Amino acid sequence: MRWLLFWRPPYLLRRVIVNLTHDSTEAFEGLVWSYRGGWLTLRDASALKAGLPPSPIPGELVIHRSNVAYTQVLP
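So for the sequence shown, the numbering used here puts the first residue at 2; every next one is plus one.
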């Protein structure tokens, strides 16, 4: 199980949509910049809410993996 400590997502430097566990109507889209210690960092991110246009988020967005329900990799 030691390999889990060094696991990196295969979608590093790809655009993704991250869906959160606590709110099924909210998600974030962005470029996966890094994944360290369970923290996922997105750059050029936007907040996605059902029925609303995407809202750009300035700077970087950091999300802990315990808050991620699933991640969709965009083509």
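For each residue, glycine too, the CB sits at the ideal point set by N, CA and C.
These numbers come from a predicted model, not from an experiment.
- The beta carbon of LEU14 lies closer than 8 angstroms to those of LEU32, VAL33, TRP34 in the same chain, with the five residues before and after it left out.
- Taking a 10 Å sphere around the C-beta of LEU43, we find 16 or more other C-beta atoms and assign the residue as buried.
- Between the alpha carbons of PRO57 and GLU30 lies a gap of roughly 9 angstroms.
- DSSP places ARG66 within a helical segment (H, G or I) once states are collapsed to three.
- For LYS50, the closest alpha carbon among the candidates GLN73, ALA28, HIS23 is that of ALA28.
- Counting only residues of its own chain and dropping the five nearest sequence neighbours on each side, VAL69 has a CB closer than 8 angstroms to the CB of VAL19, ASN20, LEU21, THR22, LEU41.
- In the structure shown, the three-state DSSP call for ASP24 is coil.
- Counting along the chain, the unbroken beta strand (DSSP E) around ALA46 starts and ends at 40-50.
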